[in-house]
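Visitor: Before we start, here is the structure in question, set down as structure tokens.
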Amino acid sequence: DNPLMAALVLGGTLSALRSDESEKSNTRPQVIPIHMLQIWFAGAALEAVVNALIRGDFKDEVAQACNGWLCSLPDRVNQAFGGSCSATVIAFSDWLQKTYSQRLVAAMLSSVCDLEMNKDTDF
1 DNPLMAALVL GGTLSALRSD ESEKSNTRPQ VIPIHMLQIW FAGAALEAVV NALIRGDFKD
61 EVAQACNGWL CSLPDRVNQA FGGSCSATVI AFSDWLQKTY SQRLVAAMLS SVCDLEMNKD
121 TDF
């Protein structure tokens with residue numbers, strides 16, 4: 001449970017997406033960033049980052065970057081892999097379209113509720 005590390009992994013992976021998109025190189029398989037995102041989403045990294053953002057645990061620069069990464073993630077994936085024939089990419093893109101917004105909102109609501117509950121217990 002290291003939200004800063006989770007944020008940095010997300011930022012690095014999205015940077016790799018941008019790099020793959022600009023290079024259009026076949027020297028690196030395009031699915032590597034998708035696998036990184038699958039691993040990132042398989043755990044509680046999204047929830048850890050959202051929780052840290054809501055609690056104000058990150059420095060302003062990190063918080064701004066994280067907000068941008070979280071808001072632009074579906075668009076970046078679509079830009080980088082639109083038209084891909086890879087089954088892995090297609091499956092992840094479908095999952096992202098169907099689930100990402102719901103999971104992001106659930107993480108935000110959970111974090112806000114936890115924050116409010118902790119305020120109520122502080123005497």
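Residues in the sequence shown are numbered from 1 upward in steps of one, following the working numbering.
From the three backbone atoms N, C-alpha and C, an ideal C-beta is built for every residue, glycine too.
Output yes or no for whether 8 Å exceeds the beta carbon distance between L37 and F81.
Guide: Contact: no.
Visitor: Take D57 and list the residues in its own chain whose beta-carbon comes closer than 7 Å to its own, dropping the five residues that flank it on each side.
Guide: These residues qualify, in order along the chain: P3.
Visitor: Could you have a look at F58 and say whether DSSP puts it in helix, strand or coil?
Guide: Reduced to three states, the DSSP call for F58 is coil.
Visitor: If I'm right that A107 touches V50 with Cβ under 8 Å, what's the distance once you round it to whole angstroms?
Guide: Contact flag correct, Cβ pair sits at about 4 Å.
Visitor: Who are the near neighbours of S111 in its chain, counting only those whose CB is closer than 6 Å to its CB and skipping five residues on each side?
Guide: The residues are V50, N51, I54.
Visitor: Specify, as a first and last residue, the run of the alpha helix (DSSP H) that A44 falls within.
Guide: It is not in any alpha helix (DSSP H) - A44 carries neither H nor E in the DSSP assignment.
Visitor: Leaving aside the five residues before and after Y100 along the sequence, list all residues of the same chain whose C-beta is less than 8 Å from its C-beta, in chain order.
Guide: Same-chain partners within the cutoff: L73, P74.
Visitor: Could you pull out every residue in the same chain whose Cβ sits closer than 6 Å to the Cβ of T27, ignoring the five residues on either side in sequence?
Guide: Caution applies to T27, whose pLDDT of 42 falls short of 50 and renders its modelled position unreliable; the value that the coordinates give is listed next. Cβ within range, chain order: n/a, list empty.
Visitor: Give me the Cα-Cα distance between K98 and A7, rounded to the nearest whole angstrom.
Guide: So the two alpha carbons sit approximately 22 Å from each other.
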